[in-house]
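> Per UniProt numbering, the sequence shown starts with residue 1, numbered consecutively. Ideal Cβ placement from N, Cα and C applies to all residues, glycine included. Computed from a predicted model, the values in this text were never measured in an experiment. Quick one: structure below, then a few questions.
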Amino acid sequence: MPEPAGSMPELLQVAPGIDRWVMPEATMNAVVIADAGEALVVDPGTLPARAAELRAAIEARGDRVVAVVITHAHWDHCFALAVLDDVPAYAHPATIAELREHGETQREAVLGFSTGATADAVRHLEIVLPGSAVPEPRTLRIGALEVELEPLGPAHTSGDLVIHAPAAGVTIAGDLVETADDPQLDESTEVSGWLRALDRLASHAQPLLVPGHGEPCGHERLAHHRALLEGFASAGT
1 MPEPAGSMPE LLQVAPGIDR WVMPEATMNA VVIADAGEAL VVDPGTLPAR AAELRAAIEA
61 RGDRVVAVVI THAHWDHCFA LAVLDDVPAY AHPATIAELR EHGETQREAV LGFSTGATAD
121 AVRHLEIVLP GSAVPEPRTL RIGALEVELE PLGPAHTSGD LVIHAPAAGV TIAGDLVETA
181 DDPQLDESTE VSGWLRALDR LASHAQPLLV PGHGEPCGHE RLAHHRALLE GFASAGT
């Protein structure tokens, strides 16, 4: 999974106070919510070196990282958490349990398709667990912005969490929503729970959705996902 030649990550504005940073591995969207010199990082990503670059970019513009949120327990979203272990890290309780019980299994799986510097980094990184469980909706304040954490799981995984930034009109959906690909299922997926999560997003999410992978989108993507997942459900997947 090498970084494409000539491609350097940068902070890309989604809305005022909201930026995304596309990780070269798995083209995962790390998201930064910032106001009044404070910043919240959602999904620091894949490798410590990548997250260190992101943190340096945040600090270079004068913001201080005060918290991190993990949307779910997949390596491409959270294996770089060690770079931010000096600030509170929030996640669904099931995400914390999944990383505790199966983090090393994920590492071995990643090593099965990684080579070179990426494999070496994955082999030696410390798998850090988020320290603050979010079993119920919780509000954080970043500068003057209120950011709402909402657990919605099991769905894509055993513990999905979405982040609403009402003042910006943005919901960060993790891999409950993707635009770079169709919904991705694995052994931890609960299709019926995912369909319920899509219903919740349709009724309560902000107008602009930031997916785990791909370009920001509107609620029309929810219907696309629903149709595919209903097909999986009817097929007994």
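Measure the CB-CB distance between residue 221 and residue 177 and report whether it falls below 8 Å.
Pairing residue 221 with residue 177 gives a Cβ-Cβ distance under 8 Å.
> For residue 159 and residue 228, I'd like the C-alpha separation in whole angstroms.
21 Å
> Considering only the alpha carbon of each residue, which of 202, 127 and 194 lies closest to residue 231?
It is 194.
> Check each candidate in 49, 89 and 148 and name the one with the smallest Cα separation from residue 138.
148
> Near residue 145, which residues of its chain fall below 6 Å by C-beta distance, leaving aside the five closest residues on each side in sequence?
For residue 145, same chain residues with a beta-carbon under 6 Å away, outside a window of 5 residues either side, are 35 and 167 in chain order.
> When the distance is taken between beta carbons, is residue 14 closer than 8 Å to residue 210?
yes
> List in chain order: all unbroken alpha helix (DSSP H) runs of 4+ residues lying wholly within the stretch 64-144.
Those alpha helix (DSSP H) runs which fall completely within the stretch 64-144 and span 4+ residues are 75-78, 93-111 and 116-124.
> For residue 59 and residue 233, I'd like the C-alpha separation in whole angstroms.
Rounded to the nearest angstrom, the two C-alpha atoms are 45 Å apart.
> Under 8 Å: do the stretch 36-52 and the stretch 110-121 share three or more Cβ pairs, one atom per stretch?
yes
> Please confirm if the stretch 90-102 is in contact with the stretch 19-38, defined as three or more CB-CB distances below 8 Å between the two stretches.
Three or more Cβ pairs closer than 8 Å define a contact, and the stretch 90-102 falls short of that threshold against the stretch 19-38.
> Which residue from 235, 55, 42 and 23 puts its Cα closest to that of residue 68?
42
> Grouping DSSP H, G and I as helix and E and B as strand, with all else coil, what is residue 211?
strand
> Once you ignore the five residues that flank residue 219 on each side, which residues in its own chain have a CB closer than 8 Å to its CB?
201, 202, 205, 207 and 209
> Is the beta carbon of residue 157 less than 8 Å from the beta carbon of residue 179?
no
> Let me know the beta strand (DSSP E) ranges lying completely inside the stretch 25-63, each 3 residues or longer, listed in chain order.
28-35 and 38-42
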